[in-house]
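Report on one structure; see the data block that follows.
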Amino acid sequence: MIFKLKDKFQQTFIVSDKIYKGFIKLFNDNNPLHTQSPFAHHHGFDEKIMHGNILSGFLSYFIGECLPIKNVIIQTQQIQFKAPVYLNDEIFFEAIVDGIFPSINTVEFKFNFRNTDDKIVSKGKIQIGILT
Amino acid sequence: MNKDRVLTRVNEIFRDVLDNEHLIITYQTTANDVEDWDSLNHIQLVVAIEKQFNLRFTSREILGWRNVGEMIDSIIKKI
Numbered sequence: 001m002i003f004k005l006k007d008k009f010q011q012t013f014i015v016s017d018k019i020y021k022g023f024i025k026l027f028n029d030n031n032p033l034h035t036q037s038p039f040a041h042h043h044g045f046d047e048k049i050m051h052g053n054i055l056s057g058f059l060s061y062f063i064g065e066c067l068p069i070k071n072v073i074i075q076t077q078q079i080q081f082k083a084p085v086y087l088n089d090e091i092f093f094e095a096i097v098d099g100i101f102p103s104i105n106t107v108e109f110k111f112n113f114r115n116t117d118d119k120i121v122s123k124g125k126i127q128i129g130i131l132t
Numbered sequence: 133m134n135k136d137r138v139l140t141r142v143n144e145i146f147r148d149v150l151d152n153e154h155l156i157i158t159y160q161t162t163a164n165d166v167e168d169w170d171s172l173n174h175i176q177l178v179v180a181i182e183k184q185f186n187l188r189f190t191s192r193e194i195l196g197w198r199n200v201g202e203m204i205d206s207i208i209k210k211i
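One line per chain: the protein sequences are H and P, in this order. For the first sequence, the working numbering begins at 1 and goes up steadily by one. For the second sequence, the working numbering begins at 133 and goes up steadily by one.
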């Protein structure tokens, strides 16, 4: 098994305008919380908030591109969105190996995303299978 | 923990993983008897059982199971 318990992976992401607009173009989620600052202000946010599932996209990138092996597939994923993310926010991602199941070539990570104030904006678990 | 108690707990795991609150498994139950017990759900069942009982199976053990009873025998040996 290439992974060991407590192995740690880190990555920095920026929720760029390209990602934000690309997400809207692809999925057509134009909810005013994501597209109209006055609407977001009215509901207690500093600015229009980014779609939570942009972070799921970063998670996909992490699994697909940042691990030491490529023969991996996401089996399950749980994600909580705990604080807003705004356009151009820099987000620090950290994942730690939290479970190894060698008999079925499965690995579980705990992960979180933090903003520059070190506040957790999202956290969860993701389980991957290693294809043989 | 006796075998019947393990079966009860494994049954709860099956219900949770397979989203079937009425599912009743027995020692003779096989994957062919349970709708949705496919290869992907099998992985989730093994993960859930390993976590619940704080144990790890070997690949050989898993491949050797012919029914729930044999799965439970593996659990009993390790707890």
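Glycine included, C-beta positions come from ideal geometry on N, C-alpha and C.
* Residue interval of the beta strand (DSSP E) (run including residue 98 of chain H) -> Reading the first sequence from its first residue, position 98 is the one you call residue 98 of chain H. Taken as a continuous stretch (DSSP letters only), the beta strand (DSSP E) holding residue 98 of chain H covers 90-101.
* Closest by C-alpha distance to residue 126 of chain H, when choosing among H/33, H/23 and H/106 -> Counting from one through the first sequence, the residue named residue 126 of chain H turns up at place 126. When each option's Cα is compared against that of residue 126 of chain H, the closest is H/106.
* Asked: Can you find at least 3 beta carbon pairs, one from the segment 48-62 of chain H and one from the segment 77-94 of chain H, that sit closer than 8 Å?
  -> yes
* Given residue 113 of chain H, which residues of its chain have a CB within under 6 Å of its CB, disregarding the five upstream and five downstream residues? -> Mapped onto the first sequence, residue 113 of chain H falls at position 113. Correct list, in chain order: 55, 91, 93, 121 and 122.
* Excluding sequence positions up to five away, which residues of its chain have a Cβ less than 7 Å from the Cβ of residue 135 of chain P? -> As a position in the second sequence, residue 135 of chain P is number 3, starting the count at 1. Answer for residue 135 of chain P: 204 and 208, listed in chain order.
* Asked: Hey, is the segment 179-193 of chain P in contact with the segment 152-159 of chain P, meaning 3+ C-beta pairs nearer than 8 Å?
  -> no
* Determine which residues share a DSSP beta bridge with residue 209 of chain P and list them. => The residue given as residue 209 of chain P occupies position 77 in the second sequence. Residue 209 of chain P pairs with nothing; no bridge assigned.
* **residue 125 of chain H: first and last residue of the uninterrupted beta strand (DSSP E) it sits in** => Stepping through the first sequence from its first residue, residue 125 of chain H is reached at position 125. DSSP places residue 125 of chain H in the uninterrupted beta strand (DSSP E) bounded by 120-130.
* DSSP three-state call for residue 176 of chain P: helix, strand or coil? -> As a first step, residue 176 of chain P must be located in the second sequence, where it is residue number 44. Reduced to three states, the DSSP call for residue 176 of chain P is helix.
* Contact set for residue 100 of chain H: own chain, Cβ-Cβ below 7 Å, skip 5 residues either direction -> Numbered from 1 along the first sequence, position 100 holds the residue referred to as residue 100 of chain H. Excluding the 5 residues flanking it on each side, residue 100 of chain H has same chain C-beta neighbours closer than 7 Å at 1, 3, 5 and 107, in chain order.
* Asked: Would you call residue 62 of chain H buried or exposed, if buried means 16 or more other Cβ atoms sit within 10 Å of its Cβ?
  -> The residue given as residue 62 of chain H occupies position 62 in the first sequence. Counting every other CB atom within 10 Å of its CB across the protein chains shown gives residue 62 of chain H a total of 16 or more, marking it as buried.
* **Beta bridge counterpart(s) of residue 72 of chain H as assigned by DSSP** => The sequence position of residue 72 of chain H within the first sequence is 72, counting from 1. H/130, per the DSSP bridge assignment.
* Asked: So, is the C-beta of residue 124 of chain H closer than 9 Å to a C-beta in chain P?
  -> As a working mapping, residue 124 of chain H is identified with position 124 in the first sequence. No, no contact with chain P.
* Can a CB atom of chain P be found closer than 9 Å to the CB of residue 35 of chain H? -> For this step, residue 35 of chain H is matched to residue 35 along the first sequence. No - not a single Cβ of chain P is within 9 Å of the one on residue 35 of chain H.
* **Any C-beta of chain P under 9 Å from that of residue 63 of chain H** => By 1-based counting over the first sequence, the position of residue 63 of chain H is 63. False, the Cβ-Cβ gap to chain P never drops below 9 Å.
* When the Cα atoms are used, what is the spatial distance from residue 30 of chain H to residue 37 of chain H? -> For the purposes of this step, residue 30 of chain H is taken as the residue at position 30 of the first sequence. For the purposes of this step, residue 37 of chain H is taken as the residue at position 37 of the first sequence. If you take the alpha carbons of residue 30 of chain H and residue 37 of chain H, they lie about 12 Å apart.
* For a contact meaning CB atoms closer than 8 Å, what does residue 191 of chain P contact in chain H? -> Numbered from its first residue, the second sequence carries residue 191 of chain P at position 59. Ordered by position in chain H, the residues that pass the 8 Å Cβ test against residue 191 of chain P are 102, 103 and 104.
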